[in-house]
Amino acid sequence: MSVKFLSCNGIGLSPLDILASFFQSSPQLPDGYGFTDRQAIFTYQGRYAVHFICRLLNIGPGAEVLAPAYNCGAEIDPFVWAGAKVVFYRVDERGAIDTQDIIRRVTASTKLVYVSHFFGWPQDIEALSRWCRGNKLFLLEDCALCLFSEGPQKTIGRIGDAAIYSFVKSLPVPDGGALVLKNKDAWKGKTPFRPPPFRNILLNSLPLLKKWFMNANPLWQKYDLTRQLLNKSWLKKPMNQDQEIEREMPQSNYFDPQKIEWSISRLSKRILSKTSPQEIIEARRRNYQYLHDALRNVPSIRLLFDALPDGVCPLSFPIYVNDRNCWAQALENHGILVGGWPSYHRGFSWKDFPEARHLKNDLLTLPLHQGLALHQMAYIAECVQSIAKDHGHHYSR
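The opening position of the sequence shown corresponds to residue 593 in the working numbering, with each subsequent residue numbered one higher.
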């Protein structure tokens with residue numbers, strides 16, 4: 593059994609970072625985040641930045657919000673909690689928005705259009721932005737999955753009226769989100785946020801500390817991975833390839849009103865201030881290109897994207913597979929933890945959105961974050977090739 597223990601969301605957090613955060617006051621973000629010429633309001637998580645938009649625009653009962661049918665669930669729950677009606681719109685099998693479907697679904701009650709940039713790739717929203725301005729609709733960009741990415745004109749997060757960020761998706765931080773407003777004077781009031789309780793910072797830091805220790809000590813890797821595998825109930829209950837189950841998303845993804853007024857922690861802001869965006873971009877693009885070249889001709893999978901455009905900082909490496917549960921299990925047996933959104937918000941139906949269900953049920957993402965070296969990417973590629981060979985048939989849809 594191999595024990596690489598590679599995950600999609602970072603390399604961990606060292607004890608030194610935690611200790612140093614108590615002695616650094618008001619850390620400043622480097623220019624690479626692109627927030628300096630806009631108004632950034634830092635929140636505990638990205639979903640609480642969405643809640644702040646609801647307050648800013650008075651979105652509540654009677655209001656409608658358009659959101660992509662392919663979603664995590666955590667980003668739409670703040671609208672539900674505020675009392676608004678969330679209306680899904682279509683995305684295609686690559687996650688690209690259907691602008692005409694958005695326009696068709698707008699009603700007199702629509703106040704906001706929510707657009708997500710998936711996997712680090714920019715959505716084409718220039719025309720939608722013009723249409724929204726002409727119809728007095730607020731356009732909100734979700735940039736949680738595309739930190740450090742740029743569109744063709746360096747426009748990701750700048751075309752809409754505001755953008756949402758979630759730093760835990762890209763960096764080894766225990767918390768942190770942001771609402772970035774295009775207009776620096778859009779919010780003149782005092783932000784009611786306070787630091788999160790130390791207990792929450794500590795609890796959120798423990799998994800990151802664990803990752804750091806795992807990478808530093810192979811014996812920890814072997815012990816923890818073996819323990820995880822012994823505890824996995826799905827190892828004893830193989831999934832049927834033809835069985836489509838809509839699993840409810842974890843309770844932790846739902847909106848928690850107790851955290852509305854929590855800000856980003858000093859620890860997270862310290863890590864953000866120490867981060868080199870350019871180094872992250874270069875490492876992720878290098879790792880993505882390696883996997884692309886190694887896996888593009890593997891018949892049992894289908895790459896979501898054919899190429900890596902200039903300016904894209906990929907979050908992960910998305911692939912379609914025939915049996916996601918089986919693949920996730922096989923990869924975890926090799927110490928590789930995959931990502932994706934296979935679960936569903938309990939308050940919605942996806943029966944009219946087959947492409948979104950396909951993305952949720954059949955897509956998984958491979959890790960390629962900045963903490964991984966090329967020899968680790970080679971290991972991931974070898975494992976995928978081996979599992980594909982064992983499957984013995986072409987990807988089919």
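Idealized CB from N, CA, C, for every residue including glycine.
Legend entry - Reduced DSSP secondary structure (H/G/I, E/B, other) of Phe671: helix
Inset, instruction - State buried or exposed for Thr628, treating a residue as buried only when at least 16 other CB atoms are found within 10 Å of its CB. - result: exposed
Legend entry - Proximal residues to Trp723 (C-beta, below 6 Å), its chain only, five neighbours per side dropped: none
Legend entry - Ala676 versus Ala899, Ile645, Ile689, Cys664, residue with shortest Cα-Cα distance: Ile645
Legend entry - Any chain C beta carbon closer than 9 Å to Arg696: Protein chain content of the structure displayed is limited to a single chain, and chain C is not contained in it.
Legend entry - Cutoff 6 Å; reference Gly749; Cβ partners in own chain excluding five residues on either side: Glu733, Cys735, Ala755
Legend entry - In DSSP terms, what Arg839 is bridged to: Ser935
Inset, instruction - Pick helix, strand or coil for Thr691, following the three-state DSSP scheme. - result: helix
Inset, instruction - On a CA-only basis, which of His884, Ser758, Lys728 is nearest Phe909? Give me that one, please. - result: His884
Inset, instruction - Give every residue of the same chain whose Cβ lies closer than 7 Å to the Cβ of Gln820, excluding the five residues on either side of it in the sequence, and list them in chain order. - result: With a pLDDT of only 44 at Gln820, under 50, the local geometry of the prediction cannot be trusted, and no value is derived from it.
Legend entry - When Arg639, Gln881, Tyr662, His961 are compared against Ile1005, the one with the closest alpha-carbon: One cannot answer for residue 1005 here, as it falls past the ends of the chain, which runs 593 to 989.
Inset, instruction - Note down, in chain order, each residue of its chain lying with its Cβ closer than 7 Å to the Cβ of Ala661, except the 5 sequence neighbours on either side. - result: Phe680, Tyr681, Arg682, Val683, Trp942, Phe945, Ala948
Inset, instruction - Have a look at Leu729 and Asn925 and give me their C-alpha separation to the nearest angstrom. - result: 48 Å
Inset, instruction - State the beta-bridge partners of Leu956 as determined by DSSP. - result: Ile911
Inset, instruction - Give me the Cα-Cα distance between Arg894 and Met969, rounded to the nearest whole angstrom. - result: 18 Å
Inset, instruction - Could you tell me whether the stretch 650 to 661 touches the stretch 787 to 802, where touching means 3 or more Cβ pairs closer than 8 Å? - result: no
Legend entry - Inter-residue Cα distance where the pair is Leu817 and Val976: Because Leu817 sits at a pLDDT of 44, beneath the cut-off of 50, its placement in the model cannot be relied upon, and the point is left open.
Legend entry - Unbroken alpha helix (DSSP H) run spanning Glu733, endpoints: Not the alpha helix (DSSP H): Glu733 falls in the beta strand (DSSP E), residues 730 to 734.
Inset, instruction - Answer with buried or exposed for Arg1044, where buried requires no fewer than 16 other C-beta atoms within 10 angstroms of its C-beta. - result: Any property of residue 1044 remains undetermined from this structure, which presents the chain solely from 593 to 989.
Legend entry - Cβ shell of Thr1011 (< 7 Å), same chain only, five flanking positions each side left out: The first residue shown for the chain is 593 and the last is 989, placing residue 1011 beyond what the model contains.
Legend entry - Bridge partners - Pro660, DSSP secondary structure assignment: Tyr681
Inset, instruction - For the alpha helix (DSSP H) containing Ala754, list its first residue and its last residue. - result: Where Ala754 is concerned, there is no enclosing alpha helix (DSSP H), although the beta strand (DSSP E) it sits in stretches over 754 to 758.
Inset, instruction - Report the option in Val890, Tyr880, Ala886, Arg888 whose CA atom is closest to the CA atom of Leu900. - result: Tyr880
Inset, instruction - Return yes when the Cβ of Leu960 is within less than 9 Å of the Cβ of Ile911, no when it is not. - result: no
Legend entry - Start-to-end residues for the beta strand (DSSP E) that takes in Ser708: 702 to 708
Inset, instruction - On a CA-only basis, which of Gln637, Arg686, Met841, Arg878 is nearest Leu964? Give me that one, please. - result: Arg878
Inset, instruction - Go ahead and label Arg839 buried or exposed: buried means 16 or more other beta carbons lie within 10 angstroms of its beta carbon, across all protein chains shown. - result: exposed
Legend entry - Arg647 and Lys774 closer than 9 Å at C-beta: no
Legend entry - Under 9 Å between C-beta atoms of Met841 and Arg938: yes
Legend entry - Limits of the unbroken beta strand (DSSP E) element including Leu895: 893 to 895
Legend entry - Neighbourhood of Ala922 by C-beta, 6 Å cutoff - its chain only, sequence neighbours within 5 removed: Ile979
Legend entry - 8 Å Cβ shell around Val707 - same chain, five flanking residues per side excluded: Pro660, Ile689, Gln715, Ile717, Leu720, Leu731, Leu732, Glu733, Asp734, Gly752
Inset, instruction - State the Cα-Cα distance for the pair Pro670 and Cys664, rounded to the nearest angstrom. - result: 12 Å
Inset, instruction - Please report how far the alpha carbon of Glu974 lies from the alpha carbon of Lys703, in whole angstroms. - result: 48 Å
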